[in-house]
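This report refers to the structure that appears directly beneath it.
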């Protein structure tokens, strides 16, 4: 179980009879459509449609659990509390632990809730457990590998308050509902979607030899500005790349060729976007 523990995540709980409608009006995912024991990726946006935080929401009996970045947990709780008003809800920062495993891994036997991560076939599952592992964070690097393989962004891959939802591919990750009605930042997000052709998106790349540095570093693009590396491990990384470079053969890192390697789900949203524009 320790090999699947994620040390960089915290869990908020939302309880009370208004918990579904409260979140429904604030976040991008369709909370009312969540079935018991299901999980969805989602975002809390600014009124201008920029990402304030990315998180996972679990439907567990009488509680909605929000799995978010440790660095964002306190501020996320504070921002949600600002919208509580007279809603019958209670917001709490819990001591639950987050686990994530691949398709061949087994979830914790004492998990409060376990749900498949349906964003990509090899994304695996996520679990919440009250048991403290003897070795914290054993699954961080394993989860990073799956994220890079599947092109799944998290908070460390965006500029909080500046990146829009579709630049982080939330439309292809079942994290945005186009039918549920209003939520914070909905107007800008819908406008971006229906106008089509997002100019840039987060996308995986592969260094053809060697490894990316653990921190820093930029990709070099012919006749364009350098692009900072986001999450990375060994020769895999995520970058925010302009559309006209998605098929480019002129990308490099320290003069070593870099290939754009998007996951299958990425092509589906891009083709859909192109046909609707």
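In our numbering, the protein residues as written are 224 to 500. Where a beta carbon is used, it is the ideal one built from N, C-alpha and C, also for glycine. Treat the numbers as computed from the prediction; the structure is a model and nothing was measured.
Query raised in the report: What number of angstroms, rounded off, separates the C-alpha of residue 298 from the C-alpha of residue 380?
Result: For residue 298 and residue 380, the distance between alpha carbons rounds to 18 Å.
Report task. Could you tell me whether the Cβ of residue 374 comes closer than 8 Å to any Cβ of chain B? Result -> Note that chain B does not occur in the displayed structure, where there is just one protein chain.
Query raised in the report: So, do the segment 263-277 and the segment 318-326 have three or more beta carbon pairs nearer to each other than 8 Å?
Result: By the Cβ criterion, the segment 263-277 is not in contact with the segment 318-326, since fewer than three pairs of Cβ atoms, one from each stretch, lie closer than 8 Å.
Query raised in the report: Roughly how many angstroms separate the alpha carbons of residue 359 and residue 229, rounded to a whole number?
Result: Their backbone Cα atoms lie some 7 Å apart in a straight line.
Query raised in the report: Which runs of the beta strand (DSSP E), 3 residues or longer, sit entirely within the segment 424-487?
Result: As summarised for the segment 424-487, the continuous beta strand (DSSP E) elements at least 3 residues long and confined to that stretch are 441-444, 459-465, 474-476, 479-483, given in chain order.
Report task. Leaving aside the five residues before and after residue 353 along the sequence, list all residues of the same chain whose C-beta is less than 8 Å from its C-beta, in chain order. Result -> 318, 319, 320, 333, 335.
Query - Start and end residues, alpha helix (DSSP H) containing residue 222 - result: With the chain represented from 224 up to 500, any question about residue 222 goes unanswered, as that position is not in the structure.
Query raised in the report: Looking only at its own chain, which residues have a Cβ that is under 7 Å from the Cβ of residue 385, when we skip the five neighbours before and after it?
Result: If we look at residue 385 and ignore the five residues flanking it on each side, its Cβ neighbours are 273.
**Report entry** In DSSP terms, what residue 349 is bridged to
**Finding:** According to DSSP, which records beta bridges pairwise, residue 349 is partnered with 323, 338.
Report task. Would you mind working out which of 470, 238, 368, 475 sits nearest residue 180, comparing C-alpha positions? Result -> Outside the modelled stretch of the chain, which goes from 224 to 500, sits residue 180, for which no answer is possible.
Query - Buried versus exposed call for residue 479 [16 or more other C-beta atoms within 10 Å across all chains shown] - result: Looking at its Cβ environment, which holds fewer than 16 other Cβ atoms inside 10 Å, residue 479 is exposed.
Requested in this report: Using only alpha-carbon positions, find the residue among 405, 351, 363, 309 that is nearest to residue 252.
Outcome: Of the listed residues, the one whose Cα sits closest to residue 252 is 405.
Requested in this report: Would you kindly work out how many angstroms separate the C-alpha atoms of residue 366 and residue 403, rounded to a whole number?
Outcome: The alpha-carbon atoms of residue 366 and residue 403 are separated by roughly 31 Å.
Query raised in the report: Can you list the alpha helix (DSSP H) stretches of 4 or more residues lying completely in the segment 361-397, in chain order?
Result: Segments of the alpha helix (DSSP H) lying fully in the segment 361-397: 363-373.
Requested in this report: Figure out for me which residue from 431, 400, 429, 427 has the closest Cα to the Cα of residue 416.
Outcome: Closest by alpha carbon: 400.
Report task. Just the C-alpha distance for residue 224 and residue 446, rounded to the nearest angstrom, thanks. Result -> Because residue 224 carries a pLDDT of 49, less than 50, the predicted location of this residue cannot be relied on, and the following value inherits that uncertainty. Inter-residue distance for residue 224 and residue 446 is about 48 Å (C-alpha atoms, whole angstroms).
Requested in this report: Could you check the C-alpha separation between residue 462 and residue 484 for me, to the nearest Å?
Outcome: If you take the alpha carbons of residue 462 and residue 484, they lie about 11 Å apart.
**Report entry** Residue closest to residue 280, alpha-carbon to alpha-carbon, out of 407, 255, 301
**Finding:** If we check each option's Cα against that of residue 280, 255 comes out closest.
Report task. Tell me residue 291's beta-bridge partners as DSSP assigns them. Result -> Bridge partners of residue 291: 233, 278.
Query raised in the report: Which residues bound the alpha helix (DSSP H) around residue 245?
Result: Note, residue 245: alpha helix (DSSP H), 242-247.
**Report entry** DSSP three-state assignment for residue 224, whether helix, strand or coil
**Finding:** In this prediction, residue 224 has a pLDDT of 49, which is less than 50 and means its spatial position is unreliable; what the coordinates show is noted afterwards. Residue 224 falls in the coil class under three-state DSSP.
Report task. Tell me residue 316's beta-bridge partners as DSSP assigns them. Result -> The partner list for residue 316 (beta bridge, DSSP) reads 235.
Query raised in the report: Along the chain, where does the beta strand (DSSP E) that runs through residue 268 open and close?
Result: Annotation for residue 268: the continuous beta strand (DSSP E) segment containing it runs 262-268.
Report task. Quickly, what does DSSP pair residue 286 with across the bridge? List them, please. Result -> Residue 286 pairs with 238, 283.
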